[in-house]
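Chains as they are written, first to last, in my numbering: chain A, 40 to 382; chain B, 40 to 382.
Notes follow once the structure below has been shown.
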DNA sequence: TTGTACGCGTTATCAA
DNA sequence: TTGATAACGCGTACAA
């Protein structure tokens, strides 16, 4: 069977003895049209199985109904959840999402943005790569008057919409929680990279200590890549160095997990000997033994927020976009790894 | 600053005193053009900062360089990894991926496919929803001569490219492994749903038992939703019913995890009292205590394979697409939950 | 090797 | 309220 030629607005126009412009107006809800013709057009469209050609529409109108979305890694729970949030909002507004990943490589990031522009997306939602220091590709987006929303990994160098969580607050809550559990010598795992989010978590840790009358101790702060192996290494150093500590607040669940393994291997009880708190609320945190207390970043909500900022920008007068920064409040999810039995 | 009008092939043509068609040919690697003009065009294009308008190109050529990708849930490790695999291959061939999720709702699935068609994607890669029983929306895709590749959740009712893993083989390996560890009364957790993949895993379990001279015992098979809670329930039944068993092979890591929790709560040792094997190789499996043996489905490779099938179909003579089914061999990843110390 | 001419399907502008 | 016409930017017969 030959697949029949797709029907266009001209086919509908011909059948109704009107012109294509009339059909177009009827289909787009243009008010300057009579009720009768509108109904006739819609009926004919249904009967002829008409499907609008968005490409033609995009060429003419300049709007593709596409959002370019760039993440470092698609298959990480945090990012895929953000994509999910964006997709939900976008779909409900009849927009589609194109995803690309940078794998933290600057060149990929540049190329992805360029590809998005070639595809004539209506705007971009992105998290910038760890190694990104130049922002010309993003500036091009803004120069073209397209909405750009950054999430999680942002930069003050771009005047545009941003969505982040309050890392300071998350760390402050985590540290305070440990103090309230009776911990006094609290270790912190942080990152070597001078990224804002880790600096903020460190600041939250320090301030929580000070606010509770505990003097921060530099020898309790460990810097690394925050992966599982780093957590293991730090914990081994703590044990071998016979450091006196009763809790660990790690800026990443992975490093916390590594520490938990080493602690248990050395016969230390979590949480009674060492209480443990991570950050990210990765899905695995509820499956560890004991389950790991962590800081929830609400990634789906973060994606929804980013999408909302995006559409606000899209619908506002282009010359009056006020770069808006939305800060999401994190939540401490207390699990057994930090809950001490009352003394 | 006004953002300057985007340059088109006409701008390049004007500058070089040639026509737009010449420029188009030069840009597209058409051989019917002199070396000199080609170089001149490329040079001018660079100088004028020319960026091709893919929308115009798509309207004219009928190819959008877009793939529609439909998954049940974006933020699950298995699916996001598949998206990653598809994205990698697609990007390398200058294609982009539009993602949508069905959330296992049939209507969403239909709408997503329709939206993809309206966006004039060059084809679709999809995993069908659990509750999908009609396939007209997919048939439309095929009727239009567009490539369609199904992965993981497929159906014999559609004559098109498919990528699945060998569920039978995965289950067979898992069960055999448990037998080799000395287990003889092996419980199986399966799904109530009559989906092929669970039937295959059940078949692999049964055949492995029989091939090793163990008679399958119906009272050791538990059917549910394979979520964590189901695993807990099954394990509680096993213990309360004083069932004699020494291993569990679960068709899902989540149910295996639930069972592990209950076993430990009841003082049973994993793996020495009960050896445990899951299925999916979810990221959390390496973080449980003990780490959970599981069956790896190679999701990234699955995505790459799906993308390769897609591009093969795209580039082949449309009338001669041979519906090809690719079966990926899974891998048993042995971790401590099933490794018994030698007796 | 290059130019001419047209069309892809839609929307915007202007006129009626 | 509707029609006629052009244009969005590109690719491709066909002719030269």
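Glycine is no exception: its CB is placed at the ideal position from the N, C-alpha and C atoms.
On a predicted model such as this, the values are computed, not experimentally measured, just so you know.
Of the candidates B/193, B/213 and B/199, B/213 places its Cα closest to the Cα of residue 247 of chain B. In this structure, A/201 is the residue among A/230, A/201, A/153 and A/305 with its C-alpha nearest to the C-alpha of residue 363 of chain A. Closer than 8 Å to the CB of residue 91 of chain B there is at least one CB belonging to chain A. When DSSP states are grouped into helix, strand and coil, residue 379 of chain A belongs to the coil group.
For the stretch 287–311 of chain A, not one full-length beta strand (DSSP E) segment reaches 3 residues or more. Among the residues of chain B, those whose CB is under 8 Å from the CB of residue 296 of chain A are 326, following chain order.
Using a CB distance cut-off of 8 Å, residue 158 of chain A counts as an interface residue toward chain B. With respect to the 8 Å criterion, residue 366 of chain A and residue 163 of chain A are not classified as neighbours on the basis of their beta carbons.
Between the beta-carbon of residue 327 of chain A and that of residue 316 of chain A there is about 12 Å, and that puts the pair past the 8 Å contact cut.
Three or more pairs of CB atoms, one per stretch, sit closer than 8 Å, so the stretch 220–229 of chain B contacts the stretch 284–291 of chain B. Chain B has a Cβ within less than 8 Å of the Cβ of residue 136 of chain A.
With its beta carbon less than 8 Å from one in chain B, residue 123 of chain A belongs to the interface.
Residues 236, 239 and 240 of the same chain have their beta carbon placed closer than 6 Å to that of residue 206 of chain A, with the five preceding and five following residues left out of the count. Taking a cut-off of 8 Å on C-beta distances, the stretch 91–102 of chain B touches the stretch 89–106 of chain A, as three or more cross pairs fall below it. Residue 283 of chain A and residue 112 of chain A have their C-alpha atoms roughly 38 Å apart. Taking the C-beta atoms as reference points, residue 187 of chain B is found no nearer than 8 Å to residue 171 of chain B. In the structure shown, residue 365 of chain B falls within a strand segment according to DSSP collapsed to helix, strand and coil.
Taking 8 Å as the threshold, the shortest C-beta distance from residue 362 of chain A to chain B does not fall below it. Shown in chain order are the members of the stretch 309–324 of chain A whose Cβ falls below 9 Å from a Cβ of chain B: 321, 322, 323 and 324.
Counting of Cβ neighbours within 10 angstroms places residue 279 of chain B among the exposed residues, the total staying below 16. With a beta-carbon spacing of about 6 Å, residue 189 of chain B and residue 165 of chain B fall inside the 8 Å limit used to define contacts.
Contact between the stretch 105–121 of chain A and the stretch 78–87 of chain A is absent: fewer than 3 CB-CB pairs across the two stretches fall below 8 Å. For residue 268 of chain A, the nearest beta carbon of chain B is not closer than 8 Å to its own beta carbon. Between the stretch 338–355 of chain A and the stretch 114–126 of chain A there are three or more inter-stretch CB-CB distances shorter than 8 Å, so the stretches are counted as touching. Shown here, residue 165 of chain B sits in a strand according to DSSP, grouped into three states. For residue 173 of chain A, the number of other beta carbons within 10 angstroms of its own is below 16, and it is reported as exposed. Between residue 346 of chain A and residue 138 of chain A a beta carbon distance of about 13 Å is seen, past the 8 Å cut, so the two are scored as non-contacting. For the options B/368, B/77 and B/350, the alpha carbon positioned closest to that of residue 135 of chain B is the one of B/350. DSSP links residue 201 of chain A through a beta bridge to A/189 and A/364. Boundaries of the beta strand (DSSP E) around residue 135 of chain B: 135–140.
Under the three-state reduction of DSSP output, residue 148 of chain B falls in the helix class.
Taken through DSSP and simplified to helix, strand or coil, residue 261 of chain B comes out as strand. For residue 103 of chain B, the nearest CB of chain A lies under 8 Å from its own CB, placing it at the interface with that chain.
In this structure, the alpha-carbon of residue 251 of chain A lies about 38 Å from that of residue 143 of chain A. Residue environment analysis places residue 234 of chain A among the exposed positions, since fewer than 16 neighbouring C-beta atoms fall within 10 angstroms of its C-beta.
CA-to-CA, the gap between residue 260 of chain B and residue 217 of chain B works out to about 16 Å.
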